[in-house]
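The sequence shown begins at 7 in my numbering and counts up one residue at a time. As structure tokens, the structure follows; a few thoughts come after it.
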Amino acid sequence: MIYSRIIGTGSYLPARVLTNYDLEKMVDTSHDWIFTRSGIVERHFAADGELTSDLALHASRKAIEAAGIQADEIDMIIVATTSPEMEFPSTACILQDKLGIKNGGPAFDMQAVCGGFVYALNTADLYIRGGQAKTVLVVGAEVLSRLLDWNDRTTCVLFGDGAGAVVLRASGEPGIVAAKLHADGQHRDLLKADPKIAMDGKAVFKFAVNVLSSVVDELLEDQKMSGSDIDWMVPHQANIRIIEATTKKLGLDMANVVVTVANHGNTSAASIPLALDTAVRDGRIKAGQNIVMEAIGGGFTWGAVLIKW
């Protein structure tokens with residue numbers, strides 16, 4: 007039986023930091039208003055000329071180094087992004103070139119907004135299980151700062167830029183155990199970018215809490231597991247209130263949830279791999295533990311992945 011295991015993680019945040027106090031000078035808002043509604047204290051913005059593929063490159067190099075492999079061992083690249091630097095070629099193809107990979111392996115982008123990393127991870131796992139790839143680089147990379155409407159104080163304070171990456175490798179031992187993915191396009195107008203980000207916050211919150219808890223329940227039920235079997239949940243870092251409400255509905259303890267939203271803001275497809283890399287590198291996530299990742303994005307798209315670390 008072929009499985010896929012994460013053998014390396016990496017992340018990157020641009021150097022420019024905007025705190026809530028900085029935003030007070032730019033928008034009709036306050037630190038207290040932002041923090042009480044989202045849990046966000048600061049976020050990172052890409053520098054002028056810093057591209058989505060540049061963020062992806064930094065995170066990928068760290069993941070490749072952590073995996074202890076050479077870049078040309080990667081035979082597939084999937085980049086989850088909703089903020090590519092151009093319509094085409096894909097960010098994945100640009101990243102492949104910047105990494106110096108010349109083996110002709112497939113490279114493509116995946117668009118499921120904040121659910122993108124979960125979608126991409128599941129896709130990579132299926133390619134490995136099907137024998138079509140052995141070593142896959144999966145990246146979530148976003149420059150959402152260029153999609154913000156600075157006249158909409160309810161959304162422009164929530165988002166940030168960043169990238170996270172993992173290296174998946176074929177293995178005889180379980181790594182990615184299972185995944186559940188869903189979408190419901192009838193809600194597409196509740197959260198969209200046309201071309202700037204717009205959101206019905208209350209509607210998104212209600213929908214998110216319901217489907218995020220249900221998809222994790224669905225995943226655990228299929229595996230004949232319960233919440234007590236989960237060592238860590240690594241959720242999409244959209245909003246601390248969504249994370250807390252979902253955690254409570256699942257009967258989990260916040261002590262077992264990786265939370266980075268205060269320092270990263272909502273980085274869309276990058277948020278889960280950013281949080282994952284943080285917890286791996288600080289030693290919280292250890293071999294043998296059960297990890298659940300869950301996310302929801304505009305569309306709506308949502309899903310969850312169960313991993314044996």
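Yeah, the Cβ is synthetic: ideal placement off N, Cα and C, and Gly gets one too. These figures come from a predicted structure and were not determined experimentally.
Runs of 3 residues minimum, wholly inside the region 47–112: which ones carry the beta strand (DSSP E) assignment? Those beta strand (DSSP E) runs which fall completely within the region 47–112 and span 3+ residues are 48–51, 82–86.
Simplified DSSP state of Met231, which is helix, strand or coil: Walking along the sequence shown from the start, residue 231 turns up at place 225. Assignment of Met231 by DSSP, reduced to helix, strand and coil, places it in the coil class.
When DSSP builds the beta bridges, which residues end up paired with Glu15? The residue you call residue 15 lines up with position 9 of the sequence shown. Checking the sequence shown, residue 15 turns out to be Thr, not Glu. Note: Thr15 sits in a beta bridge opposite Val172.
Length of the line joining the Cα atoms of Ala189 and Val119: Here residue 189 is taken as the residue at index 183 of the sequence shown, counted from 1. Here residue 119 is taken as the residue at index 113 of the sequence shown, counted from 1. Ala189 and Val119: Cα-Cα distance of roughly 12 angstroms.
Ignore the nearest five residues each way along the sequence and tell me which others in Ser89's own chain have a CB closer than 7 angstroms to its CB. Translated into the one-based positions of the sequence shown, residue 89 becomes position 83. Around Ser89: Thr58, Glu148, Val149, Leu150, Arg152, Leu153.
Quick one: Cα of Leu197 to Cα of Ala65, how far? Numbered from its first residue, the sequence shown carries residue 197 at position 191. Numbered from its first residue, the sequence shown carries residue 65 at position 59. Rounded to the nearest angstrom, the gap between the Cα atoms of Leu197 and Ala65 is 27 angstroms.
On the DSSP letters alone, give me the boundaries of the beta strand (DSSP E) that Pro241 sits inside. The residue given as residue 241 occupies position 235 in the sequence shown. In the DSSP annotation of this structure, the continuous segment of the beta strand (DSSP E) that includes Pro241 starts and ends at 238–241.
Reduced DSSP secondary structure (H/G/I, E/B, other) of Glu179: Counting from one through the sequence shown, the residue named residue 179 turns up at place 173. The answer is coil: DSSP assigns Glu179 none of H, G, I, E or B.
Looking at C-alpha atoms only, which residue of Gly16, Trp39, Met299, Val47 is the closest neighbour of Thr25? Here residue 25 corresponds to residue number 19 of the sequence shown, with the count starting at 1. From the listed residues Gly16, Trp39, Met299, Val47, the smallest Cα separation to Thr25 is found for Val47.
Can you pull the DSSP bridge partners for Met116? For the purposes of this step, residue 116 is taken as the residue at position 110 of the sequence shown. DSSP output for Met116 lists Ala86 as bridge partner(s).
Residue span of the beta strand (DSSP E) that contains Phe122, given as start and end: Residue numbering aside, residue 122 sits at position 116 when the sequence shown is read from its first letter. Residue identity differs from the one stated: residue 122 is Gly in this sequence, not Phe. Not the beta strand (DSSP E): Gly122 falls in the alpha helix (DSSP H), residues 122–135.
Run through DSSP, which three-state label would Ser36 get? Counting from 1 along the sequence shown, the entry for residue 36 is found at position 30. Three-state result, Ser36: coil.
Tell me whether Gly121 is buried or exposed, calling it buried when 16 or more other Cβ atoms sit within 10 Å of its Cβ. For the purposes of this step, residue 121 is taken as residue 115 along the sequence shown, with counting starting at 1. Within 10 angstroms of the beta-carbon of Gly121 lie 16 or more other beta-carbons, which makes it buried.
Please list, in chain order, all residues of the same chain as Met76 whose beta carbon is under 8 angstroms from its beta carbon, the five residues on each side excluded. Working through the sequence shown from its first residue, we reach residue 76 at position 70. The question names Met, but residue 76 is Gln in the sequence shown. If we look at Gln76 and ignore the five residues flanking it on each side, its Cβ neighbours are Ile70.
Spell out the partners DSSP gives Ile302 in its beta bridges. Stepping through the sequence shown from its first residue, residue 302 is reached at position 296. Residue pairing from DSSP places Ile302 in a beta bridge opposite Trp308.
Taking C-beta to C-beta, are Ala276 and Ser96 nearer than 9 angstroms? Along the sequence shown, one-based indexing puts residue 276 at 270. Along the sequence shown, one-based indexing puts residue 96 at 90. Their beta carbons are not under 9 angstroms apart, which means Ala276 does not touch Ser96 by this criterion.
Could you pull the start and end residues of the beta strand (DSSP E) that Ala21 belongs to? To locate residue 21, count along the sequence shown from 1; it is residue 15. It is not in any beta strand (DSSP E) - Ala21 carries neither H nor E in the DSSP assignment.
DSSP on Gly257, reduced to helix/strand/coil? One-based indexing of the sequence shown puts residue 257 at position 251. Coil, per DSSP.
Would you mind reading off the limits of the alpha helix (DSSP H) that contains Ala281? The residue labelled residue 281 in the question sits at position 275 within the sequence shown. Residues 277–287.
So, at 8 angstroms on beta carbons, what are the nonlocal neighbours of Ala285 in its own chain, with the 5 sequence-adjacent residues on each side left out? Stepping through the sequence shown from its first residue, residue 285 is reached at position 279. Contacts found: Trp238, Val240, Val264, Ile291.
Taking Cβ positions, are Pro112 and Ile83 nearer each other than 9 angstroms? Counting from 1 along the sequence shown, the entry for residue 112 is found at position 106. Counting from 1 along the sequence shown, the entry for residue 83 is found at position 77. A Cβ-Cβ contact shorter than 9 angstroms links Pro112 with Ile83.
Grab me the residues of Ala268's own chain with a C-beta within less than 7 angstroms of its C-beta, minus the 5 sequence neighbours each way, in chain order. Taking the sequence shown and counting its residues from 1, one reaches residue 268 at position 262. Within the same chain, Ala268 has close Cβ partners Gly45, Ile46, Val47.
I'd like the span of the beta strand (DSSP E) that includes Val267, first residue to last. Taking the first residue of the sequence shown as 1, we reach residue 267 at position 261. In this chain, Val267 is not harboured by any beta strand (DSSP E); it is covered by the alpha helix (DSSP H) spanning 267–270.
Residues in the same chain with beta-carbon distance under 6 angstroms from Met260, minus the five sequence neighbours each way, listed in chain order, please. For this step, residue 260 is matched to residue 254 along the sequence shown. Thr253, listed in sequence order.
How many Å lie between Asp195 and Met7 at the Cα? In the sequence shown, counting from the first residue as 1, residue 195 sits at position 189. In the sequence shown, counting from the first residue as 1, residue 7 sits at position 1. So the two alpha carbons sit approximately 42 angstroms from each other.
Less than 7 angstroms between C-beta atoms, sequence neighbours within five positions excluded: which residues of the same chain meet that for Ala209? What you label residue 209 is simply residue 203 of the sequence shown in a count that begins at 1. For Ala209, where only same-chain residues beyond five positions count, the Cβ hits under 7 angstroms are Leu196.
Among residues of its own chain, excluding the 5 on either side of Gly303, which ones have a beta-carbon nearer than 6 angstroms to its beta-carbon? Locating residue 303 in the sequence shown gives position 297, where the first residue counts as 1. So the list reads Ala118, Val119, Cys120, Gly121, once near-sequence residues are dropped.
The beta strand (DSSP E) that contains Leu143, what's its start and end? Reading the sequence shown from its first residue, position 137 is the one you call residue 143. Note, Leu143: beta strand (DSSP E), 141–149.
Is it the case that the Cβ atoms of Leu225 and Val142 are separated by a distance below 9 angstroms? Residue numbering aside, residue 225 sits at position 219 when the sequence shown is read from its first letter. Residue numbering aside, residue 142 sits at position 136 when the sequence shown is read from its first letter. No, Cβ-Cβ distance for Leu225 and Val142 is not below 9 angstroms.
Alpha carbon to alpha carbon, how far is Asp34 from Phe123? Give it in angstroms, no decimals. Mapped onto the sequence shown, residue 123 falls at position 117. Mapped onto the sequence shown, residue 34 falls at position 28. Note on geometry: alpha-carbon atoms of Phe123 and Asp34 lie some 33 angstroms from one another.
Counting C-beta neighbours from all protein chains within 10 Å, is the total for Val23 16 or more, i.e. buried, or is it exposed? Indexing the sequence shown from 1 puts residue 23 at position 17. Classification for Val23: exposed.
By alpha-carbon positions, which one of Asp200, Glu79, Ala281 ends up nearest to Lys108? What you label residue 108 is simply residue 102 of the sequence shown in a count that begins at 1. Just measuring C-alpha positions, the residue of Asp200, Glu79, Ala281 sitting nearest Lys108 is Glu79.
According to the Cβ coordinates, are Leu187 and Asp131 closer than 9 angstroms? If you number the sequence shown from 1, residue 187 lands on position 181. If you number the sequence shown from 1, residue 131 lands on position 125. No, these two residues do not count as a Cβ contact at 9 angstroms.
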